[in-house]
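**Q** The following block contains the structure, expressed as structure tokens.
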Amino acid sequence: MSRAVGAGAGQPVLILKEGTSRTRGRAAQRNNIAAAKIIAEMVKTTLGPKGMDKILVDSIGDVVVTNDGATILDKMDVEHPAAKMLIEVAKAQDTSVGDGTTTVVVLTGELLKHAEELIDQKIHPSTVITGYRRALDIALRELEKIAKPIKLDDKKTLKKIVNTSLGSKSLGFATEHIADLAINAVLSIVEERDGKLYADKENIQIVKKMGKSLLESELVNGIIVDKEVVHPAMPKRVTNAKIALINAPFEIEKTEFSAEIRIRDPLKMKEFLDEETRILKEMVDKVVKVGANVVFCQKGIDDIAQFFLAKAGILAVRRVKASDMEKLAKATGARIVTDFDDLSEKDLGYAGLVEERKIGEDKMVFVQDCKNPKAVSVLLRAGLERQLDEAERALNDAIMNMISLIRDMKYVPGGGATEMALASMIRKEAPKYPGKEQLAMLAFAESLEMIPRTLSENAGLEPVEILTELRMRHEKGEHGYGVEVLSGKVQDMFKAGVIEPVKVKEQVLKSAFEAAAMILRIDDVIAAARKKPGEEKKSSSSEYSS
Ligand code: ADP
Ligand code: MG
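Written out as structure tokens, the structure reads:
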């Protein structure tokens, strides 16, 4: 709405603040497309199992080595609004299905590149969007036809799907093990709701602990709290645990006293200390009275309170993370209580076993055989912190991959096979539509071919030869054919075991279309004047604090 309009013959009316810059029409479009293409170029070389790694160095010099598209985009500090939009869409892809981030960015870049060519041929951006939309609809419809159904007990195929997703992670020898952990974790939390399978990622806890190797990572049936039992005289193992979750300190806030009381008489001092002890004992008594034998406290536990808890035979853990408290509540059925006076027997949770175990150098408390058997944990082990982090990202992806699969229990061929198949189907149908839209549909089809092309390029193969062979296969209706980059051969991806959840591909297509359309619709960029460095620090301190 805000415009700087020339008011007749007089002075121009200035509505935008001084220093505001503005780009309009074709210039704005060109500029946005260029920015998005740069982002696409940047992540392109990481696509597929033969993709390269990137080293990311942040403003304080921390280094991350990864080829995970989502991580790269997350760490990239970009300025351009269109580039930011593309990154947002890719991140949304990552949070919704956990995979296909790089593919979305590469595909969007390609859609925009072709759109620019069409716009140069005087085709209006909205016509390009309409054509892309039609192509997308055909692709989504045909995707269902290429997809094959899978059963939950078909572990062999499940493993191939998860392995395809993990193939591009630098886990080396541990890939198989991580895949098994992800599959078994998801299989143990899967539920049936209204005849549909459902798995909630919140039910899987990932705990990282340095030491040993990735191969010694394990699935634990329950919750792990990365803290030790607070007092040596407390039991280290409690069966039939009745668990109290308390978000209040077993302490007396010192300020309450020191601010008001000045003690001169030594006898008074003793009285005062006795009073403190009495209050702490009262707190513990409340826990004992309701019958708890395990306490997880989100806050601190005073030495004296520890002593009383130990005397009552209670296993207690202090300073438990809020997120762990919530997981414990869900797993054991306990309610988190914020006031000792509120605590009642009803609030207690149950676990068959609560036990402190030594893992590497540290002690951790395991809460097992819970009320909600759907709570599981993966204990990740690795010798280096960097390895642990990359393993966590991979495990997360593999878990998300399984969850995406479970949503509709269907899979499609990878290695660019699905993209080739959809491209050939769009080409077949495009002639039914008016000229300009048709051109946009063909551009969509060509953009899809960028996936097998990039996979081949990244593997050092001849993209032209491979695409020619792939087109020929798909022309004949052999829609499983893609490029298997480890062997360097064009083959049936179903047979080669390079397969992916249909949900991931579906989301890739939708997200790439959305991102491209969003960027194409912009014909005006109005940017406020940039603040001077000094001002910026003051106004957005949080961005600079870490
Ligand atoms: P994204 O972030 O998009 O998931 P990846 O780097 O994980 O990017 O690469 C995914 C692509 O790699 C998919 O198209 C998938 O089919 C393909 N892919 C995985 N394994 C193989 C393989 N062995 N041969 C060919 N392509 C593969
Ligand atoms: Mg991937």
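Residue numbers (my numbering): -12 to 533.
All C-beta atoms in this analysis are idealised placements derived from N, C-alpha and C, irrespective of residue type, glycine included.
Between the Cα of residue 487 and the Cα atoms of 263, 13, 97, 405, which residue gives the shortest distance?
**A** 405
**Q** Measure the alpha-carbon distance for residue 117 versus residue 497 and round it to whole angstroms.
**A** Counting only the Cα atoms, residue 497 lies some 14 Å from residue 117.
**Q** How long is the line joining the alpha carbons of residue 279 and residue 381, rounded to whole angstroms?
**A** 39 Å
**Q** On the CB-based measure, 16 or more other CB atoms within 10 Å of its CB, does residue 494 come out buried or exposed?
**A** The C-beta of residue 494 has 16 or more other C-beta atoms within 10 Å across all chains shown, which makes the residue buried.
**Q** Out of 72, 351, 166, which has the shortest C-alpha to C-alpha gap to residue 502?
**A** 72
**Q** Anyone know if the C-beta pair for residue 121 and residue 505 falls short of 9 Å?
**A** no
**Q** On a Cα-Cα basis, can you pick out the residue from 348, 30, 67 that is closest to residue 60?
**A** 30
**Q** Would you call the segment 407 to 416 in contact with the segment 74 to 90, where contact means no fewer than 3 C-beta pairs closer than 8 Å?
**A** Put simply, the segment 407 to 416 does not touch the segment 74 to 90. Fewer than three CB pairs are less than 8 Å apart.
**Q** Closer than 8 Å to a non-hydrogen atom of ligand 2 - does that hold for the CB of residue 152?
**A** yes
**Q** Could you name the residues of the same chain whose beta carbon sits closer than 8 Å to that of residue 331, not counting the 5 residues immediately before and after it, in chain order?
**A** Closer than 8 Å at the Cβ level, and outside the excluded window around residue 331, lie 277.
**Q** From the DSSP output, read off the bridge partner residues of residue 185.
**A** Answer by DSSP bridge pairing, in chain order: 178.
**Q** Quick check on the DSSP output: the beta strand (DSSP E) that includes residue 303 runs from which residue to which?
**A** First-last of the beta strand (DSSP E) with residue 303: 302 to 304.
**Q** Just how far apart, CA to CA, sit residue 437 and residue 306?
**A** 51 Å
**Q** Between residue 95 and ligand 2, is the CB less than 8 Å from at least one heavy atom?
**A** no
**Q** So what's residue 286 in DSSP terms, helix, strand or just coil?
**A** coil
**Q** Less than 8 Å between the CB atoms is what I'm expecting for residue 176 and residue 338, so what's the real figure, rounded?
**A** Going by Cβ atoms, the distance from residue 176 to residue 338 rounds to 17 Å, so no, they are not a contact pair.
**Q** Give me the Cα-Cα distance between residue 104 and residue 62, rounded to the nearest whole angstrom.
**A** Whole-angstrom Cα-Cα distance: 31 Å.
**Q** Does the Cβ of residue 451 have 16 or more other Cβ atoms within 10 Å, making it buried, or fewer, making it exposed?
**A** exposed
**Q** State yes or no: is the C-beta of residue 86 nearer than 8 Å to some heavy atom of ligand 2?
**A** yes
**Q** Is residue 86 helix, strand or coil by DSSP?
**A** coil
**Q** Quick check: the segment 358 to 365 against the segment 318 to 327, are at least 3 beta-carbon pairs closer than 8 Å?
**A** The answer is yes - the segment 358 to 365 touches the segment 318 to 327, with three or more Cβ pairs under 8 Å.
**Q** Is it true that the segment 177 to 192 meets the segment 363 to 372, where meeting means three or more beta-carbon pairs spaced less than 8 Å apart?
**A** yes
**Q** Assuming contact is defined by CB atoms lying nearer than 9 Å, are residue 167 and residue 387 in contact in what I supplied?
**A** no
**Q** Alpha carbon to alpha carbon, how far is residue 64 from residue 532? Give it in angstroms, no decimals.
**A** Low confidence applies here, because residue 532 scores a pLDDT of 36, under 50, leaving its location unreliable; read the following figure in that light. Rounded to whole angstroms, residue 532 to residue 64 spans 15 Å at the Cα level.
**Q** How many angstroms separate the CA atom of residue -10 from the CA atom of residue 472?
**A** Bear in mind that a pLDDT of 48 at residue -10, under 50, signals an unreliable position, so the number given afterwards is only what the model happens to contain. Their Cα atoms are separated by approximately 53 Å.
**Q** Measuring CA to CA, which of 239, 275, 286 is closest to residue 266?
**A** 239
**Q** Hey, quick one: how far does the alpha helix (DSSP H) through residue 66 stretch, first residue to last?
**A** Note, residue 66: premise wrong, no alpha helix (DSSP H); not H, not E.
**Q** Would the beta-carbon of residue 163 be found less than 8 Å away from any heavy atom of ligand 1?
**A** no
**Q** So what does DSSP say about residue 434, is it helix, strand or coil?
**A** DSSP, read as helix, strand or coil, puts residue 434 in helix.
**Q** Buried or exposed for residue 178, going by 16 or more other Cβ atoms inside 10 Å?
**A** exposed
**Q** Just curious, the beta strand (DSSP E) that residue 34 is in, first and last residue?
**A** It is not in any beta strand (DSSP E) - residue 34 carries neither H nor E in the DSSP assignment.
**Q** How many angstroms separate the CA atom of residue 180 from the CA atom of residue 390?
**A** Linking residue 180 to residue 390 through their CA atoms gives a straight-line distance of about 14 Å.
**Q** In this structure, does DSSP put residue 503 in helix, strand or coil?
**A** helix
**Q** Any heavy atom of ligand 3 inside 8 Å of the beta-carbon of residue 89?
**A** Questions concerning ligand 3 fall outside what the structure shown contains, since the ligands it does hold are ligand 1 and ligand 2.
**Q** So is residue 466 buried or exposed if we call it buried at 16+ other beta carbons inside 10 Å?
**A** buried
**Q** Determine the closest residue to residue 398 out of 146, 221, 340, with distance taken between C-alpha atoms.
**A** 146
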